[in-house]
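Q: One structure is given below, represented as structure tokens, and several questions about it will come after.
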Amino acid sequence: MKFRSQPKLIRIASLCALSLAAINSCAPVVQAQTAPEPQTQLRAFDPQPAPAGILRIWGDTYMSSVVLAWEDHFRRYHPEVRFENRLMGTDTAMPGLYTGKADIALLGRESNTTDNDGFLHTLQYRPLQLHLMTGSLDISGKSYAPVVFVHKDNPIDSLTLQQLDAVLGCGQTGQPVSARTWGDLGLTGAWKDKPLQVYTFDAETGTGLFLLHKLNGESRKMNWPIIHEYRDIRRPDGSTYDSGQQIIDALGGDPSGLAVSGMQYEDDRVKPLPLAATRNQPSVQATRQSLIDRSYPLARMTYAFVNQPPDQPVPPLVKEFLRFAYSEEGQRLIEPSSGFLPLARQDADAQILLLH
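Each residue of the sequence shown is one higher than the one before, counting from 15 in our numbering.
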């Protein structure tokens, strides 16, 4: 376990003041709802003329199996096309694109400052960003959605994103005031004065950055003294002690703790909480369906980036391959091949429109 009182990012050394009246105005949304079935009838692939040539794809290692499946099926329509893949990690994707060595960059996380500035400073414009696939529900390495957990004995049954922000943040301008006890989140009786401790991903990992950005935007002003951060640990025998498992193990020993981990680590010591985007919206549990239709507030996406100069069309071969990826056939290959999840129909259609 790692407890940081002097964080690596811009952190606030002192605890933030409590304000019970303000935080109680966003008490938990009690009624959890099951997300509706996403629209799954995607468009059939309608092959269009495309030039023969080589399509170079760089990026996330974990996407290798679905990329190979896409390429195999795409060649049934365009047997003249060849592929060169360099799927060595998300961090390599954008440099391959802005140096002209890749035609498509695949990222398993949101692009960061290094990615964006590297492209912009090199080419003086921004790349075309597309949603590629939905992150996994419960498979490590596959951009899985963060899930809030509490100890099984904790009576709370849901939270809003505003409440989660109040736990992690410092009540800065434009954000909710701080929550430092379970009473601040609406619990009464013996739970009212129990202090909160938070177990979560290291803020400099992809999942940690996603969570901070979702709650705080570009701010890194957090209540670090109550936050315990975790990274994967390599054991002497060569196995990995996943950060998500470390987080659940820490919560299992702390009945008044709150954790952010993944559904694959759920066990009988803890329970996942449904989340509501706002107080006026239903709380939604993380499920396959709620990630695809993005009704779960912390659903994650993966991304494809294309070098499209201003006022220029997307290169024809790149466009044709991505049209296939967003088709019913292409999306059907995703989950069995890789563990990622497909896009909802409306999202896939929106990406196709961006290619025109």
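We put the beta carbon where it would ideally sit given N, CA and C, even for glycine.
1) Once DSSP output is grouped into helix, strand and coil, what is the label at Gln143?
2) Tell me which same chain residues have a C-beta within less than 6 Å of the C-beta of Gly231, skipping the five on either side of it?
3) For Lys156, is the classification buried or exposed, using 16 other Cβ atoms within 10 angstroms of its Cβ as the cut-off for buried?
4) Mind checking whether Arg194 and Leu173 have CB atoms under 7 Å apart?
5) Just to check my reading of the structure: Leu347 and His87 have Cβ atoms closer than 8 Å, yes? What is that Cβ distance to the nearest angstrom?
6) Helix, strand or coil: which one does DSSP assign to Arg346?
7) Closer than 8 Å by C-beta to Leu355: which residues in its own chain qualify, once you throw out the five before and the five after it? Chain order, please.
8) Which of helix, strand or coil does DSSP assign to Tyr255?
9) Quick check on the burial criterion: 16 or more other C-beta atoms within 10 angstroms. Buried or exposed for Asn294?
10) May I ask you to report which of helix, strand or coil DSSP gives Arg248?
11) Where do the ends of the beta strand (DSSP E) carrying Gln211 lie?
12) Tell me which residues share the same chain as Arg89 and place their Cβ nearer than 8 Å to its Cβ, disregarding the 5 neighbours each side in the sequence.
13) Could you spell out where the alpha helix (DSSP H) holding Glu98 opens and where it closes?
14) Thinking C-beta only, is Ser275 closer than 7 Å to Ile261?
15) Considering only C-alpha positions, which residue in the set Glu218, Val212, Phe215, Ala180 is nearest to Gly200?
16) Nearest CA to the CA of Gln278: which residue from Ile118, Asn321, Ile153?
17) Would DSSP call Val81 helix, strand or coil?
18) Among Ala290, Thr316, Val320, which residue has its Cα nearest to the Cα of Ser309?
19) Sort Val328, Ala273, Pro324 by Cα distance to Val164 and report the nearest one.
20) Who are the Cβ neighbours of Leu101 in its own chain at under 8 Å, not counting the five residues just before and after it?
21) Gly67 bridges to which residues according to DSSP?
22) Beta strand (DSSP E) containing Val284: first to last residue?
23) Just verifying my parser: in three-state terms, what is the DSSP assignment at Leu229?
24) By DSSP's criteria, Val161 is part of a beta bridge. Which residues make up the other side?
25) Taking Cβ to Cβ, would you say Trp84 is nearer than 7 Å to Ala339?
26) Is Tyr112 helix, strand or coil by DSSP?
27) Which of the three DSSP states, helix, strand or coil, is assigned to Ser172?
28) In this structure, does DSSP put Gly73 in helix, strand or coil?
29) Using beta-carbon positions only, say whether Tyr213 and Ala264 come within less than 7 Å of one another.
30) Put Ser297 into one of helix, strand or coil per three-state DSSP.
A: Short version:
1) The answer is strand: DSSP assigns Gln143 an E or B state.
2) Spatial neighbours of Gly231 in its own chain (CB-CB distance under 6 Å, excluding positions within 5 residues in sequence) are not present.
3) Around the beta carbon of Lys156, 16 or more other beta carbons lie within 10 angstroms, which makes this residue buried.
4) Not in contact: Arg194 and Leu173 (Cβ atoms no closer than 7 Å).
5) Yes, Leu347 and His87 are in contact; Cβ-Cβ is about 7 Å, under 8 Å.
6) If DSSP states are grouped into helix, strand and coil, Arg346 belongs with the helices.
7) Cβ contact annotation for Leu355 (same chain, cutoff 8 Å, sequence separation greater than five): Met147, Thr148, Gly149, Ser150, Leu151, Arg302, Leu305, Ile306, Ile348, Glu349, in chain order.
8) Of the three classes helix, strand and coil, the one that applies to Tyr255 here is strand, per DSSP.
9) With fewer than 16 other Cβ atoms inside 10 Å of its own Cβ, Asn294 counts as exposed.
10) Residue state, collapsed to three classes: strand.
11) 211-215 is the span of the beta strand (DSSP E), which, as asked, contains Gln211.
12) Result list for Arg89: Val95, in chain order.
13) Residue range 95-100 is occupied by the beta strand (DSSP E) that includes Glu98, with no alpha helix (DSSP H) assigned at that position.
14) Yes, these two residues count as a Cβ contact at 7 Å.
15) For Gly200, the closest alpha carbon among the candidates Glu218, Val212, Phe215, Ala180 is that of Ala180.
16) Ranking the options by Cα distance to Gln278, first place goes to Ile153.
17) Helix at Val81.
18) Of all alpha-carbon atoms in Ala290, Thr316, Val320, the one lying nearest the alpha-carbon of Ser309 is that of Ala290.
19) Of the listed residues, the one whose Cα sits closest to Val164 is Ala273.
20) Exclusion of the five residues before and after Leu101 leaves Ile71, Trp72, Gly73, Asp74, Thr75, Met77, Ser78, Val81, Leu120 as the residues of its chain whose Cβ lies within less than 8 Å of its Cβ.
21) Gly67 pairs with Val95.
22) Here the beta strand (DSSP E) through Val284 covers 284-286.
23) Secondary structure of Leu229 (DSSP, three-state): helix.
24) In the DSSP assignment, Val161 is bridged to Ser275.
25) Closer than 7 Å, so yes.
26) Looking at Tyr112 - three-state DSSP - the assignment turns out to be helix.
27) DSSP, read as helix, strand or coil, puts Ser172 in coil.
28) DSSP places Gly73 within a strand segment (E or B) once states are collapsed to three.
29) Against a cut-off of 7 Å, the Cβ pair of Ala264 and Tyr213 comes out as a contact.
30) The answer is strand: DSSP assigns Ser297 an E or B state.
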